[in-house]
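Worksheet for the structure shown next.
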Amino acid sequence: MESRLGRLAIEALFPRFCASCKREGSLLCEACEHQWMPAPPLASCAFCGEPGSDRTCADCREHVYIDGLTFFSPYGNPVVRELIGHWKYQGDRSVESIFQGCLRRAALRLSPPVLPFYVTGVPLHEKRLRSRGFDQADLVAAWAGELFGIPHETYVRRVHSTSPQARTSHDLRRVGEMDGAFCVYPDVQVPDHILLCDDVFTSGTTMDAVARVLKEAGAKTVWGFVIAKG
Ligand SMILES: [Zn+2]
Ligand SMILES: [Zn+2]
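For the sequence shown, the numbering used here begins at 25 and goes up steadily by one.
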């Protein structure tokens with residue numbers, strides 16, 4: 025267990041700096057936390073970028089399962105990118121309350137299309153969950169559930185592990201690689217409309233592989249929800 029003294033020692037050795045104004049203290053200082061908000065992304069198809077709607081365009085719908093994507097910020101935003109890096113790769117969980125606050129402040133523009141949604145996270149492989157100690161997709165799902173007042177459930181599990189998404193180059197990831205990576209738990213009743221959460225959406229291959237098993241199990245709508253889109 026981490027004592028208060030131990031924590032102070034760690035903070036002295038590895039001080040945190042505000043990702044926005046670089047002041048020492050926390051990963052997003054109090055002043056920035058209240059002012060900072062990335063520019064809202066323009067609505068476009070998450071797969072090909074066709075502008076106009078965050079719903080997957082008619083062309084892409086022919087080969088993907090995700091119906092649309094809502095995201096808080098482009099991954100290119102330097103503050104968001106830095107916060108996600110601290111969270112995912114350095115395990116700094118102080119990022120969580122920052123993102124939770126951000127989502128709350130942006131709730132109006134982030135609310136999912138009006139349907140009776142259930143919320144779930146893209147499952148992390150057990151091995152990775154053990155090494156990291158927390159599941160960021162499931163946390164995003166819990167925040168979304170709380171924010172929009174929708175039930176948070178688990179439907180899918182990961183059956184074999186793949187390399188961490190943000191570190192794999194775009195062209196190395198192909199739909200085929202994710203084939204068979206997920207399956208719906210036996211005896212689980214999959215609802216009609218699901219809000220599928222993750223921290224980052226890069227090519228969408230992982231999220232789409234989950235959407236596929238959910239749809240094969242009876243889901244009619246699978247809408248993506250992430251903090252950042254690459
Ligand atoms: Zn600041
Ligand atoms: Zn498209």
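For glycine and all other residues, C-beta sits at the position ideal for the given N, C-alpha and C. Keep in mind it's a predicted model, so treat the numbers as computed, not measured.
Counting C-beta atoms within 10 angstroms of its own C-beta, Q59 has fewer than 16 neighbours from the protein chains shown and is therefore classed as exposed. Residue pairing from DSSP places Y142 in a beta bridge opposite I218. When the beta-carbon positions are compared, A43 and L29 stay at least 7 Å from each other. About 5 Å separates the beta carbon of I174 from that of V143, a gap short enough to meet the 8 Å contact definition.
In this structure C69 is buried. Its beta-carbon is surrounded by 16 or more other beta-carbon atoms within 10 angstroms. The beta carbon of H110 sits closer than 7 Å to the beta carbons of L51, D116 and V119 from its chain, once the five residues preceding and following it are set aside; these are given in chain order. For the stretch 104 to 172, the full-length beta strand (DSSP E) segments reaching 3 residues or more read 142 to 145 along the chain.
C-alpha of P75 to C-alpha of S97: approximately 16 Å in a straight line. For K253, the enclosing beta strand (DSSP E) stretches over residues T245 to K253.
In the structure shown, R236 adopts helical secondary structure according to DSSP, grouped into three states.
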